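The sequence shown lines up with residues 9 to 367 when you count with the working numbering.
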Amino acid sequence: MQNAQNNSLRHHFPGVRDGWSRFDGPAGTQMVDVAINAMSEWAAHGSNANTGGFFAAADACDALLESTRSVVGEFLGADPSGICLGANMTTMTMAFTRAVGRTLKPGDTVVGTQLDHEANVSPWRIACERSGAQHLLTPFDVKTGRLDMDAFGNLVTDRTKWVAITGASNLIGTMPDLNAAIAIAHKHGARVFVDAVALAPHKQINIRELGCDVLATSPYKWYGPHAGVMYIEPELLNSLPVAKVRAASETGPRKFETGTPNFESIAAVQAAARFLIEEDMQQLAKYESAVFAPLLEGLLETPGVNVWGPHDLASRAPTVSFTVDSMTPDQVAQELAAKKIAVWSGDSYAMEIVERLGL
9 MQNAQNNSLR HHFPGVRDGW SRFDGPAGTQ MVDVAINAMS EWAAHGSNAN TGGFFAAADA
69 CDALLESTRS VVGEFLGADP SGICLGANMT TMTMAFTRAV GRTLKPGDTV VGTQLDHEAN
129 VSPWRIACER SGAQHLLTPF DVKTGRLDMD AFGNLVTDRT KWVAITGASN LIGTMPDLNA
189 AIAIAHKHGA RVFVDAVALA PHKQINIREL GCDVLATSPY KWYGPHAGVM YIEPELLNSL
249 PVAKVRAASE TGPRKFETGT PNFESIAAVQ AAARFLIEED MQQLAKYESA VFAPLLEGLL
309 ETPGVNVWGP HDLASRAPTV SFTVDSMTPD QVAQELAAKK IAVWSGDSYA MEIVERLGL
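This is how it looks when you write it as structure tokens:
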């Protein structure tokens with residue numbers, strides 16, 4: 009397979025052949041052809057069974073789960089025994105925080121950020137409300153879009169049990185300093201949950217080096233199907249009081265993966281992860297940055313256009329939000345759609361950001 013540094017990858021994406029210019033990637037990417045093929049091939053080859061049987065189709069299901077955990081573990085730099093597969097990041101986070109909530113008590117704190125998507129805000133807020141713990145959000149600088157690390161350091165104390173932080177804002181692109189945040193959290197004995205949904209498509213992740221306890225991603229943001237992937241540190245996973253049926257495993261990922269897995273989707277998740285491994289995420293990031301730079305520069309130089317978030321490439325993911333003087337976001341999106349340019353308007357579930365910016 010040719011590296012993206014040397015060759016365009018457009019031919020791998022059937023969905024881009026309809027004449028639209030797609031700038032709607034933060035909400036979901038087009039599936040890569042190998043993921044599409046993996047999904048259809050799984051459904052067509054008689055393996056639509058379940059795990060744990062003594063026949064070929066059941067063996068194939070067992071092998072698929074094992075191999076997918078291995079490939080996704082390689083993609084994320086993580087122990088495969090902590091890779092959990094599910095419906096989507098939000099559903100998995102709700103289930104995870106419901107379990108964590110059973111371990112929280114009055115006086116405990118959970119520290120999040122105002123840069124986060126609601127999928128990493130509301131579940132923790134609900135868990136705190138039910139347990140009597142306190143949910144605190146770290147502000148960010150309105151002008152620069154950067155997380156206020158001084159405020160973060162003050163909010164995280166010995167009472168903090170969890171830090172929930174985004175790897176990259178899905179709305180304004182800010183990439184907080186995860187290494188610094190994780191170091192502060194662990195210094196106080198807190199665990200760290202990283203929402204990497206908007207980071208994983210753009211930057212190589214190595215969970216072993218990062219040192220977070222949990223990391224969540226959405227494969228449909230990295231050219232796979234609608235699904236969710238969550239890494240949970242294996243010892244934590246085994247001790248977590250998750251809601252599950254009596255017959256479910258007491259340990260390992262199947263403890264957290266409620267019900268029958270979506271095998272055809274899992275086959276596509278594996279194919280998408282393998283595609284990115286083979287293409288080399290570091291090279292893809294360089295290529296992507298070169299493509300994104302003229303867009304950011306052009307928006308910054310256009311009169312009447314206001315770009316939100318960091319203005320330098322090094323501090324942000326290639327996701328950009330802007331407003332236009334004298335036009336509503338919906339009007340801008342509608343005008344661009346008339347020219348077959350797809351963009352999103354609205355808060356994109358980053359409600360804390362929009363409220364903080366006063367938009």
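Glycine included, every Cβ here is placed at the ideal spot set by N, Cα and C.
No experiment lies behind these values; they were computed from the predicted model shown.
Measuring CA to CA, which of 152, 231, 174 and 195 is closest to residue 164? Out of 152, 231, 174 and 195, 195 has the C-alpha closest to the C-alpha of residue 164.
Is it true that the segment 195-209 meets the segment 264-283, where meeting means three or more beta-carbon pairs spaced less than 8 Å apart? Contact check between the segment 195-209 and the segment 264-283: fewer than three CB pairs, one atom from each, fall below 8 Å, which does not count as touching.
From this set, 333, 262, 178 and 208, which residue's C-alpha is nearest residue 317's C-alpha? 178
Residue range of the unbroken beta strand (DSSP E) whose run includes residue 92: 91-94
Please determine if the segment 142-157 and the segment 181-189 are in contact, where contact requires at least 3 C-beta pairs separated by less than 8 Å. yes
Considering residue 316, what are the terminal residues of the beta strand (DSSP E) in which it resides? 313-316
CA-to-CA distance, residue 329 to residue 345, given in whole angstroms: 16 Å
Looking at residue 132: is its Cβ nearer than 9 Å to the Cβ of residue 348? No, these two residues do not count as a Cβ contact at 9 Å.
Where DSSP assigns a beta bridge to residue 143, which residues make up the other side? 118
For residue 51 and residue 175, what's the separation of their Cα atoms in angstroms? 34 Å
Mapping DSSP to helix, strand and coil, what is residue 154? Looking at residue 154 - three-state DSSP - the assignment turns out to be coil, as it is neither helix nor strand.
Does residue 38 pass the burial test, meaning 16 or more other C-beta atoms within 10 Å, or should it be called exposed? buried
Just verifying my parser: in three-state terms, what is the DSSP assignment at residue 303? helix
Excluding the 5 residues flanking residue 82 on each side, which residues of the same chain have their C-beta closer than 7 Å to its C-beta? Around residue 82, the same chain offers 285 as residues with beta carbons nearer than 7 Å, after the five sequence neighbours per side are excluded.
How would you write the range of the alpha helix (DSSP H) that residue 236 sits in, first residue to last? Unbroken run through residue 236 is the beta strand (DSSP E), 236-240; no alpha helix (DSSP H).
How do the segment 152-161 and the segment 92-106 stand: do at least 3 beta-carbon pairs fall below 8 Å, yes or no? no
Return the chain-ordered list of same chain residues with a C-beta closer than 8 Å to the C-beta of residue 221, the five sequence neighbours on each side being excluded. Excluding sequence neighbours, residue 221 sits near 199, 200, 201, 240, 241 and 244.
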